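S.K.:
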Amino acid sequence: MPFKIMSLSDAAAERIREIMEDSDEPVIGVRVGVKNAGCAGMAYTLNYLKEPVPGDDHVAEKGVDVYVEPKATLFLLGTVMDYKESKMSSGFTFDNPNKTGECGCGESVQLKPADLKALAEARAQV
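The numbers in full-length UniProt numbering rise by one with no breaks, and the one at position 68 of the sequence shown is 68.
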């Protein structure tokens, strides 16, 4: 059984469904990635996707599709994508076990690649 790259909360899946329904152009899902940015080093990216990008990993869960850029896969293994709303903001959040730090303003994070050996050993014990 392959590693699950990431999973979605009910709120994240519902928000992705809303994005797809409200889009003026056909949208098949969202594409998640990481880029070098901010004072902590990396930031998550999220874009609407009109068609699959060859080479992307695909997560189909709770009736929605999330595609993951290949260069982001090792940084996102085990991540739970959520959607949160407050009086001051709303947006997708990432509970990422590969996060080693974050900046004070919340715009960027420090990420390390997932330890595949440790993941394999943990799976073997289940």
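Here a beta-carbon is modelled for each residue, glycine too, at the ideal position from N, C-alpha and C. Since this is a predicted model, take the numbers as computed values, not measurements.
With DSSP collapsed to three states, give me the class of Asp57.
M.R.: Reduced to three states, the DSSP call for Asp57 is strand.
S.K.: What are the start and end residues of each continuous alpha helix (DSSP H) run of 4 or more residues lying completely inside the stretch 6 to 35, in chain order?
M.R.: Whole alpha helix (DSSP H) segments, 4+ residues: 10 to 22.
S.K.: Just confirm the distance between the C-beta atoms of Ile5 and Leu49, as a whole number of angstroms; I'd bet it's less than 8 Å.
M.R.: Going by Cβ atoms, the distance from Ile5 to Leu49 rounds to 16 Å, so no, they are not a contact pair.
S.K.: Can you tell me the Cβ-Cβ gap for Pro13 and Lys62, rounded? I've got them flagged as a contact below 8 Å.
M.R.: In the sequence as presented, Pro is not what sits at residue 13; that position holds Ala. The Cβ separation is near 4 Å, so the contact holds.
S.K.: Pick helix, strand or coil for Lys87, following the three-state DSSP scheme.
M.R.: Reduced to three states, the DSSP call for Lys87 is coil.
S.K.: With a threshold of 6 Å on Cβ separation, who are the neighbours of Met1 within its own chain once the five nearest residues in sequence on each side are excluded?
M.R.: For Met1, the predicted structure reports a pLDDT of 46, less than 50, and the residue's modelled location is therefore unreliable. The matter cannot be settled from this model.
S.K.: Under the rule that 16 or more other beta-carbon atoms within 10 Å means buried, what is Ala72, buried or exposed?
M.R.: Counting Cβ neighbours within 10 Å, Ala72 comes out buried, since at least 16 surround it.
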